[in-house]
Amino acid sequence: MPKTIRPFRPRHPRHRLYVGALVVVVGAVVVAIVARDGSDEIATTVAASPAEVRGAELEGSWATTTTSTTTTTMPVTPADDGLAIAPPLARPYADDFLVADATGAGVPLFKEPNVPVPSGRVMENPTWEGLHLTFLVRERTAEWLHVQLMSRPNSALAWIRRADVTLRRVQHHILIEREARRLTVFAGEEQMFQASVATGKASSPTPLGTFFVDGVVRLSPPHKSYGTGQLSFTGFSEVYESFGGGVGQVAMHGTQNPALIGTPASNGCVRMTNADIDLITTMAPTGTPVEVVA
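Residues 12 to 305, numbered by the working numbering, are exactly what the sequence shown covers, in order.
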C-alpha cells in the first residue's frame with residue numbers, strides 16, 4: 012500500500028521522487044530539533060527515524076516542477092562569482108557541526124560581508140528540485156556566516172546573513188576514502204561505523220572535496236539501482252555537467268548488486284549494501300559533513 016512521504020520540513024502536501032543515475036531528488040529525514048538554553052544557535056539534531064517512501068516513482072530524471080504552481084529550471088552557477096573553496100575539516104575533528112536552514116523564499120550570497128557576489132545571486136528555497144535550502148557553516152561572526160553551498164562549484168563557500176537562517180547542530184560526519192573504497196562515520200574523533208563501498212570508475216570518479224548531506228530518503232520496496240535508501244551530498248561529477256536529466260550530483264545509496272561492493276563500479280556515486288545505507292540514513296541528517304579523499 013502506498014504511503015505518503017513524511018518530510019523533514021513539509022512544504023507541500025504530497026511529494027514525488029525522481030531519481031537519476033547520479034542524483035537523489037526530494038527526500039528528507041524526520042528529525043527533532045532540541046534547543047538548549049532557549050537559543051536556536053545551540054540547537055542540536057537528535058536521532059530519529061528516517062522518512063519512509065513507498066510507491067515512490069523513480070523515472071531516471073529530475074523533476075522540473077514542484078507540486079506548487081511555480082515552474083523551476085536547473086540552476087547555473089555564474090563563472091564570475093569567484094566563490095572560495097572550502098578546506099578539509101579541521102583535525103582533531105569537532106564534536107559537532109553547525110548547520111544553517113533557510114527561513115525565507117531565498118538567501119542572497121555575498122563574496123564577503125556586505126559585498127554581494129558579482130551576479131547578485133540569490134539561492135531559492137526550496138531548491139529547484141524541492142529540497143529545503145541548507146548550508147554547512149564553516150565560519151561565523153555575530154551577523155554573518157561563511158557557508159558551504161548546495162551548488163557547483165564543488166565545496167563552494169559564500170557569506171550569508173545570519174538573519175536569513177536558523178541554526179542547529181549535527182553530531183556526525185562521514186569520511187569516504189575513494190581508493191580504499193571505505194566509508195567511516197565519526198562522532199568527533201571516535202569511529203562509529205565503517206563499511207566497504209563501491210566508488211566511481213576511473214572514467215567517472217567520485218569527486219574529491221568537503222561536502223554535506225542535502226537529501227535523505229528511504230526506498231521501499233527497494234529500487235533496482237538504488238536499493239533501500241539514498242543520501243545525496245553536495246558533490247558534483249567532474250565528468251558530467253548533467254546526467255539522466257539532472258545536474259550530475261552524486262549520492263550514497265544502496266544496491267541490489269552487492270557483489271560490486273569494494274570495486275570502482277559507479278558513475279560517481281558511492282554504493283553501499285542495503286543494510287549499511289539503512290543504518291547511515293539514521294545517522295546523517297541534512298547538513299552532515301561528508302569528506303571524500305583520494
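Using N, Cα and C, we set each Cβ at its ideal position, and we do this for glycine too.
Quick one: what's residue i bridged to in DSSP?
i: Val-118; result: Met-134
i: Thr-152; result: Paired residue(s): none; Thr-152 is not in a bridge.
i: Gly-211; result: Ser-277
i: Gln-241; result: Val-228, His-264
i: His-234; result: Gly-238
i: Pro-129; result: Looking at the DSSP assignment, Pro-129 forms no beta bridge with any residue, so it has no partner.
i: Val-181; result: Phe-108
i: Glu-123; result: Val-126
i: Glu-249; result: None, per the DSSP bridge assignment.
For the beta strand (DSSP E) that contains residue i, what are its first and last residues?
i: His-157; result: 155-159
i: Gly-93; result: Run containing Gly-93: none; DSSP gives neither H nor E here.
Helix, strand or coil for residue i per DSSP?
i: Thr-76; result: Low confidence applies here, because Thr-76 scores a pLDDT of 26, under 50, leaving its location unreliable and the question unanswered by this model.
i: Ala-111; result: strand
i: Arg-229; result: strand
i: Ala-305; result: coil
i: Arg-173; result: helix
i: Pro-99; result: coil
i: Arg-189; result: coil
i: Gly-220; result: strand
i: Val-196; result: strand
i: Leu-147; result: strand
i: Gly-141; result: coil
i: Leu-33; result: Per-residue confidence for Leu-33 stands at a pLDDT of 37, beneath the threshold of 50, marking its modelled position as unreliable; no derived number is given.
i: Ala-46; result: Summary for Ala-46: the model assigns pLDDT 28, below 50, so the residue's position carries little reliability; its value from the coordinates is reported in the next sentence. Strand, per DSSP.
Checklist entry - Between the stretch 284-294 and the stretch 211-219, are three or more C-beta pairs nearer than 8 Å? => result Not touching, per the Cβ criterion.
Next on the checklist: Quick check for students: name the residue ranges of the alpha helix (DSSP H) that lie wholly in the stretch 254-302, counting only runs of 4 or more.
Outcome noted: Taking 4 residues as the minimum length, the alpha helix (DSSP H) runs contained wholly in the stretch 254-302 are 285-294, in order along the chain.
Checklist entry - Using 8 Å as the threshold, is the stretch 142-152 in touch with the stretch 215-231, meaning 3 or more CB pairs across them? => result Touching, per the Cβ criterion.
Next on the checklist: Does the stretch 225-237 come into contact with the stretch 197-207, if we say contact requires no fewer than three beta-carbon pairs (one atom in each stretch) closer than 8 Å?
Outcome noted: By the criterion of at least three beta-carbon pairs nearer than 8 Å, the stretch 225-237 is not in contact with the stretch 197-207.
Item to check | Inter-stretch contact (C-beta, 8 Å, three-pair minimum) for the stretch 159-169 and the stretch 124-144 | outcome: Judged by Cβ distances under 8 Å, the stretch 159-169 makes contact with the stretch 124-144, as three or more pairs qualify.
Next on the checklist: Would you call the stretch 195-203 in contact with the stretch 257-271, where contact means no fewer than 3 C-beta pairs closer than 8 Å?
Outcome noted: Contact between the stretch 195-203 and the stretch 257-271 is not established, with fewer than three Cβ pairs separated by less than 8 Å.
Item to check | the stretch 116-130 / the stretch 178-188 touching (three or more Cβ pairs under 8 Å) | outcome: At 8 Å Cβ cutoff, the stretches do not touch.
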